[in-house]
Amino acid sequence: MLRTCSILLAGLAAAAMTSSVPDAMAADQVVMGFIYVGPKDDYGYNQAHSEGCAGVQKLPWVKAIEEASVPETTSVQETMRNMINQDGAQILFPTSFGYFDPHILKVARQNPNVQFLHCGGMYTEGKHPKNVGSYFGYIDEAVYISGIVSGHSTKSGKLGFIAAKPIPQVLRNINAFTLGARSVNPKATVQVIFTGDWSMPVKEAEAASSLIDQGVDVLTCHVDSPKVILETAERRGIYVCGYHANGSKLAPKGYLTGAEWNWTKVYSDYAQMVKDGKTLAGGTIPHLIRGGLKDGFVKCSDYGPAVGDDAKKDAEAAKAKFMDGSMVIFKGPLMDNTGKVIVPDGQEYNQKDIELEKMGWLVDGVIGSTKS
Amino acid sequence: MPSSQDTPMMSAAAQTLPAESAPKAPWRWRTGAEAVVIPTCAVVAALILFGIFCEFQGRNALKVYAAIYKAAYGNWYSFQNTLLRAAPLMLTALCTALPARLGLIVIGNEGALVVGGVAATVAGLAVQSAPMPVVIAVMLLGGIVGGGLWIGFVGLLYYKRGVNETISSLLMNYIAIAFMNHLVNGPMRDPSSLNKPSSFPIPDDKMLPSMGNSNVHYGLIFGILVCLMAWVLMEHTTFGFKVRMIGGNIRAARMAGLPVARIGLIICFLAGAAAGIAGMVEVAAVQGRANESLAAGYGYAGILVAFIARHRGLPIILVATLLGGILASGGILQRTFTLPDATILLLQGIIFLCILFSDSLYGRIPFFKEPGA
Amino acid sequence: MSNSSIGWWGVVIGVLAGSVRGGTPFLLVSLGECLTEKSGKINLGLEGVLLMGAMSAYAVSYKTGSSLCGVAAAAGVGALLGMIHALMVSRPRVNDIAVGIAMLIFGSGLAFYLGKPYIEPSAPQLPGIPLGAWSSVAQIRAALSISPLFVFGVVVAFLMHWFFRSTRWGMHVRAVGDSPAAARAMGLSVGRTRFLAIVCGSALGGMGGAHLSLFYPGAWTERISSGQGLMAVALVIFARWNPVHCLWASLLFGGAQSIGPALQAVGISTGYYLWNASPYILTLLVMMATCSTKRTLVGAPGALGTSS
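Quick mapping for you: the protein sequence lines, in order, are chains A, B and C. Take the position in the first sequence, starting the count at 1, then add 172; the result is the number in our numbering. Take the position in the second sequence, starting the count at 1, then add 57; the result is the number in our numbering. Take the position in the third sequence, starting the count at 1, then add 19; the result is the number in our numbering.
Now the structure itself:
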């Protein structure tokens, strides 16, 4: 009983102490909160963000706090409130897409002085609170490069893509991969398998095996944690392109290249803006921040040993065009895989075009359907 | 294979919670004390075990507990978080608790919650132009009918075909989630829900609001009310008495002419309806639409709440609040102590194992034996 | 045809190979559950055992460099968790289903907690048994590279069948599971028999986890199990508490898991959520077709689900 009492007292004392922390916050310290939907060491999406968090934490004036495995329910609202009220966070990065509506929108309305930055969402002027913004990387540029390398490396002309769900972010990568491959190998096809869930190792391994049985000899994927797919491909002796993070260690022989995030750069930029006193509501932090290879938001993994010189030459050429801004991935004439014209001849989509973030089609050359 | 719970001691122990029994029945204070002391000791034992684990991990156990206490019950602000998490647990717990009184072990809480949520969404969208109370009432009806029929089907399989209710309800969880995914990715999908396939949204102004200026929504009231209703129904009506009779001895109940199958089906429907309301609250007060976030594990947590509360309505409210507090403190362990996200699972597991173990101590400790009993 | 596309044959090969690869954890866990249930108790906590088994197999294989040590560790950890379960359910008034769910939470929490450092490194894998070495078709060679744990599981299935039918100890387990009172009258120790059955069953469950992390899919992640441990309970009923039937049922479930991806690989891409649910729907349908209120199921242990 005594012990219980002392715990209670300790609790009260702790409560009294920490509640005064936010007021005592030095003006030149930036507190950033990061929230992930899964474990932060998943070798994939969440880990990429967590590495960004660890990277920005290296700045001496930044305090970064993180919380992992937060489901898209009232728990994430609670976590955001706690980070604001208990830890004094000035800027929050709830990184899962599903956090946006209703959770971020609700908490953002209640905390107008805190900046809410959402990964991959779309901010709509007038509809969403002014202190909400969104950021994302044009990772399809790096995936396009993967496509070029894959198009060169395949012998069967059959590429495989294991994806979680037919949603715009995923479809955009599938299309970029296909266009990249067909830019150097016009006969190449990309077979897609949707597993239906973001993280399902057994099903992903099963999908990889099925594709390899069908003669696919280069695989890539868009799931939360590509580890199992990389290892299965390596074991079956085919090539593979990574996603989210560098997976060359998992497939030392077959790893070609991969699309990686570089969130440290993005988060450091935001930290600097908050330090300079900029805000979303004041219009000094842009509501939509996007960037590709050129801006350093995304990068390509180093080439694996199996990549030939032709592939490297074409990939580097495309990279150079991305860097000088002259590369357009989605330009007419472009047909979808049902034969419908998606982008007429002469028209093109700039990367920043918001239409691309609403993509609902698969380009010609993809075998698969967007229906579930 | 119905399980029988032939434990008069159990019902006596749980019914005599101190608040209600102490003034009325002072001569039974030892039994009442037993019902408080044993679970309390179990929790303390669990905390000591977990504390040893913390010390091994290089964290000061007392500081960790102080933080958990602060994050769960420390002040009104953090208590709101606890209540918010407790609300769905109260409702899903009833899905196991009600059939348990019949001797049926139903673990289809998660599935009934999901089906209730989807049904409530369909119903709400159909009348979305009506005034708010009408929309809420129709959604509530949708949740009740959806969840009720789902578990009702489990009951039907049991009474008509003899299919084991535990297994069928477990299987139906997976089927419900797959079905919901199919619907929100296909027929029910709002084309503008781009990267998170969802149904069309319930209009904002038709949703279940928060209470006053707190963060707690009215779903908590639903939870408490339904638990109270379940308690009255089971402990203070003839119907409840019949249910307990069937649970006590099904043969005797049949011989006494009780319509066993009909009562069983009603109970299964009510159980599913409670979980369905949880799904409805999740849609109407939190998500605003049906999508994969509905399957957030409230169902499985509810099973444990039911067992620890010994399937009684009033204790469910308390246990759900306790578990809600533990869950709400998960964040602070990560942020303040840099303990991994799995720590809270581990703590939950230890607490539940200790409490379940303590169940076997009832009637074993001489001090709590009623003199002459 | 030899090395490129094999078209619809790919679906057949995929499902067949998938049923062996994906069926192995089902097989080991369901055999463990079968042994447990034959003694009259249910262990829903095998899901937690599976995860702990997967994690400890991977960790030990990584630390020692020997995948066999990993499998042994998985079995050992499984047995330890089984002991906790057995001690709990041997107490009066403690419900085995509730303990199972608490053990599920405890086991997965412990596995996730201790497993954090082992997500990134690559551990040595179990070598496959190359039954397809005769074939020149790469797909067939890959499909017939069988997990040693599958072979082990098949042997255990037949051994357990023989054990229940023809040995004295097997009869003791069945007696304890059918009627503890009668078993006691025969002079058997109900507690000790159940303890051993649960612990051995749990060890088998841990080895099922080892298959997940050391053979297929062959990695340790927190989402490695997709509910095989929970499904095992259904599977045992599906198999009528017969270990050999557990083998067929596991192959069926493993195959059903790979139908969705295999069909998409040849271009049939609609309804995969429903395809993914096919094993559960199938089990439910079979139970509906074969159960009856008039008689208990053949092979059903009499004390199962009761508090005795």
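Even glycine gets a Cβ: it sits at the ideal position worked out from N, Cα and C.
Taking 8 Å as the threshold (beta carbon to beta carbon), is residue i in contact with chain B?
i	result
residue 337 of chain A	yes
residue 451 of chain A	no
residue 319 of chain A	no
residue 237 of chain A	yes
residue 259 of chain A	yes
Of all Cβ atoms in chain A, is any one closer than 8 Å to the Cβ of residue i?
i	result
residue 116 of chain B	no
residue 404 of chain B	no
residue 398 of chain B	yes
residue 277 of chain C	yes
residue 154 of chain C	no
residue 200 of chain B	no
residue 81 of chain B	With a pLDDT of only 47 at residue 81 of chain B, under the threshold of 50, the placement of this residue in the model should not be trusted; the figure read from the coordinates follows. For residue 81 of chain B, the answer is no, since every Cβ of chain A falls outside 8 Å of its Cβ.
residue 185 of chain B	no
For residue i, which residues of its own chain have a beta-carbon under 8 Å away from its beta-carbon, when the five flanking residues on both sides are left out?
i	result
residue 259 of chain B	178, 181, 182, 185, 192, 196, 340, 341, 345, 346
residue 164 of chain C	147, 148, 149, 150, 151
residue 542 of chain A	338, 343, 532, 533, 534
residue 98 of chain C	218, 219, 221, 222, 225
residue 235 of chain C	40, 41, 43, 166
Following the continuous beta strand (DSSP E) through residue i, name the residue where it begins and the one where it ends.
i	result
residue 137 of chain C	Run containing residue 137 of chain C: none; DSSP gives neither H nor E here.
residue 465 of chain A	Taken as a continuous stretch (DSSP letters only), residue 465 of chain A belongs to no beta strand (DSSP E), as it is neither H nor E.
residue 514 of chain A	513-515
residue 293 of chain C	Note, residue 293 of chain C: premise wrong, no beta strand (DSSP E); alpha helix (DSSP H) at 291-295.
residue 394 of chain A	390-394
residue 290 of chain A	287-291
residue 427 of chain A	427-433
residue 238 of chain A	234-239
Kindly list the residues whose CB is nearer than 7 Å to the CB of residue i, restricted to its own chain and excluding five residues on each side of it in sequence; keep chain order.
i	result
residue 95 of chain B	415, 418, 419
residue 197 of chain C	320, 321, 322
residue 139 of chain B	129, 130, 378, 381, 382, 385
residue 423 of chain B	none
residue 81 of chain B	For residue 81 of chain B, the pLDDT reaches just 47, beneath the cut-off of 50, and the residue's location in the model is therefore unreliable, leaving the point undetermined.
residue 52 of chain C	62, 65, 220, 251, 252, 255
residue 517 of chain A	504, 505
residue 300 of chain A	277
Can you list, in chain order, the residues of its chain with a C-beta nearer than 6 Å to that of residue i? Leave out the 5 residues immediately preceding and following it.
i	result
residue 94 of chain C	222, 225, 226
residue 533 of chain A	508, 514
residue 298 of chain C	272, 275
residue 371 of chain B	288
residue 356 of chain B	149, 166, 167, 170
residue 214 of chain C	105
residue 35 of chain C	none
Could you give the first and the last residue of the continuous alpha helix (DSSP H) run that contains residue i?
i	result
residue 421 of chain A	Where residue 421 of chain A is concerned, there is no enclosing alpha helix (DSSP H), given that its DSSP letter is neither H nor E.
residue 180 of chain C	167-185
residue 267 of chain C	262-284
residue 324 of chain A	311-325
residue 276 of chain A	It is not in any alpha helix (DSSP H) - residue 276 of chain A carries neither H nor E in the DSSP assignment.
residue 495 of chain A	481-496
residue 383 of chain B	370-385
Does the beta carbon of residue i come closer than 8 Å to any beta carbon on chain C?
i	result
residue 162 of chain B	yes
residue 400 of chain A	yes
residue 493 of chain B	Look at the range of chain B in this structure, 58 to 430, and you will see that residue 493 of chain B is not part of it.
Determine whether the Cβ of residue i lies closer than 8 Å to any Cβ atom of chain D.
i	result
residue 111 of chain C	Of the protein chains in the structure, A, B and C, none is chain D.
Applying the 10 Å Cβ sphere with the 16-neighbour rule, what's the burial state of residue i?
i	result
residue 132 of chain A	Outside the displayed range of chain A (173 to 544) lies residue 132 of chain A, so it cannot be described from this structure.
residue 188 of chain B	exposed
residue 308 of chain B	exposed
residue 413 of chain B	buried
residue 519 of chain A	exposed
- Where in the segment 216-284 of chain B do unbroken runs of the alpha helix (DSSP H), each at least 4 residues long, occur, reported from the N-terminal end onward? 222-242
- 4-residue-minimum alpha helix (DSSP H) runs that sit fully inside the segment 54-137 of chain C, ordered along the chain: 65-83, 86-108, 115-134
- Task: Entirely within the segment 226-258 of chain C and at least 4 residues each: give me those alpha helix (DSSP H) ranges in chain order.
- Result: 247-257
- Task: Counting only runs of 4+ residues fully inside the segment 179-221 of chain B, write out the alpha helix (DSSP H) ranges in chain order.
- Result: 189-213
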